[in-house]
Every structure is written in structure tokens, then in C-alpha cells.
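Asks: With the numbering used here, the residue at position 146 of the sequence shown is 157, and numbering never jumps.
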Amino acid sequence: MKKLLTLKKTKAFWVYYIFAVIFLLAAIVFAPVWSSTDVFFKSWGRKVIDIFIAILIIIYLCTYLVKKIGRGGNGVIKILTIIEFVALSLIALGCVFSQFGVFSIGEPCQIAGLIMWCRGTIEVFRAYYFRGSSSVKYPVWLVAVAVALVTFGTYLYVKPLFTAQHLQWLLAAIMLAIMVFLIYAGIVTKPAGKKKSKKEAKENE
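1. For a minimum of 4 consecutive residues, which ranges assigned as the alpha helix (DSSP H) are wholly contained in the segment 149-202?
2. What does the alpha-carbon distance come out to for the pair A159 and I126?
3. In three-state DSSP terms, what is T48?
4. On a CA-only basis, which of F34, F51, A123 and V135 is nearest V87? Give me that one, please.
5. Touching or not, the segment 94-102 and the segment 65-77, by the rule of three or more beta carbon pairs under 8 Å?
6. What would DSSP say about G117, mapped onto helix, strand or coil?
7. Look at P119 and L178 and say whether their C-beta atoms are less than 8 Å apart.
8. How about the segment 55-65 and the segment 179-188: do they share at least three Cβ pairs that are nearer than 8 Å?
9. Can you look up G124 in the DSSP assignment and give me helix, strand or coil?
10. Are the segment 185-192 and the segment 38-54 touching, with three or more C-beta to C-beta distances below 8 Å?
11. Would you mind stating whether L4 and A123 have Cβ atoms separated by less than 8 Å?
12. Starting from the C-beta of L15, find all residues in its chain whose C-beta is less than 8 Å away, skip the five residues before and the five after it, and write them out in chain order.
13. Three-state secondary structure (DSSP) at R142?
Encoded structure:
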């Protein structure tokens, strides 16, 4: 990790400045300040957020829910997990189609709340079906986590704590931070100029 963060001198230091300008422009374009204007890029920030949410949902489906479905287990739990998989797939698809103004899928906080509620509800059912089972151990703390997911997920859906605009500001702030780092990297990696010898300095005088 330390080697990856080490910045070496390079003649291509100017590339850092080019990317710094790109990230600056992206931060300006994706900021939600343009939502009430008529500029052509006023909705780009929201579209980026929707695409990012779709990508996160797909990663969640492919890395977690697919394994849950593949493990087998109780038939009812598997059916509920498949329903969850289909529902979240439709939400991800809706985030993509929202780019074309077909329909609105809702605020990011509501989507997060729905995902938590689905997972918590299924885990509550799992605890119910596996209660008293000698082959499957379902600890009490996991039941508490499931109930917390259901409760907090419902709260997020009914009363969102953040909106897409908040995430746009966060995205813009992250891009500005990256821009600052790139400028710093450009300064640090710029090769030092050749020092003139004493003889050359006297000749120039």
C-alpha cells in the first residue's frame, strides 16, 4: 500500500493537472445547483447517482443474494430470497430506466430503507423457521440485527434522512478532494530543473 501511494518524479506530471481540471469540471457539473436552471446538464448529477445506486444493487445481488439462494435451506426462505432478488433487480432496472425519464424510482434513502427492510424481514422468517433446530444455530444477536434492519429500514423509507441532492453534494465534494490531490501530485512529481554549473553561471553573467 505504501508503495502504491509513493509519488515518483515523472516528465508526464502534467497529466495530473489535466485530470485535476476534469474532476473540477465534473464537480461543477454534478453539483445540484443547476436543477432549477435550463442548462443541458442540469440532471446529470442525479443520473450519476441513480447509475451508482444501480451498480451497488447489482454488486449486492451478485456477491450476497446469489450465495444465499444457492445455499438451499428451507423452501419458504429460498422463495422469499428469490422474491427479494427479483424486487431489487427491478429497482436496479428502474434506476437505469429513470435516465430516460420513464419513471422515478424514488429517493436513494428510500431504496436503502427498502433493501434493509427486505433483508431484515427474511432474516426474521429464517429465525422463526430455524427456532429450536439442532442442525442450524441462529444466535439471538442475529435476531436483534434483523429486527433493527426492519425497524430502521421502515424509518428510512417513511422519513428519509437524506436525498439525492445530498448525495450530489457529497459526490461533488469527493471530486474536489480528488482534484486537490491531483494538483498536489502534479507538484510533487514535477522533475527538478537542471542546476547550472558555476562556469555556466559566470558565462551568463
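Don't be surprised by glycine CBs; every beta carbon is placed ideally from N, CA and C.
Replies: Taking the structure as given:
1. 151-169 and 175-200
2. Residue numbering aside, residue 159 sits at position 148 when the sequence shown is read from its first letter. Residue numbering aside, residue 126 sits at position 115 when the sequence shown is read from its first letter. So the alpha carbons of these two residues sit roughly 13 Å apart.
3. Position 37 of the sequence shown holds residue 48. The answer is coil: DSSP assigns T48 none of H, G, I, E or B.
4. As a position in the sequence shown, residue 87 is number 76, starting the count at 1. Closest option to V87, Cα to Cα, is V135.
5. yes
6. Counted from its first residue, the sequence shown places residue 117 at position 106. Note: G117 maps to coil in three-state DSSP.
7. Position 108 of the sequence shown, counting from 1, holds the residue named residue 119. Position 167 of the sequence shown, counting from 1, holds the residue named residue 178. In contact: P119 and L178 (Cβ atoms closer than 8 Å).
8. yes
9. Within the sequence shown, numbered from 1, the residue matching residue 124 stands at position 113. G124 falls in the helix class under three-state DSSP.
10. yes
11. An answer regarding residue 4 cannot be provided, because it is not within the stretch 12 to 216 covered by the chain.
12. In the sequence shown, residue 15 corresponds to position 4, counting from 1. Because L15 carries a pLDDT of 49, less than 50, the predicted location of this residue cannot be relied on, and no value is offered for it.
13. Along the sequence shown, read from residue 1 onward, the residue named residue 142 stands at position 131. Looking at R142 - three-state DSSP - the assignment turns out to be coil, as it is neither helix nor strand.
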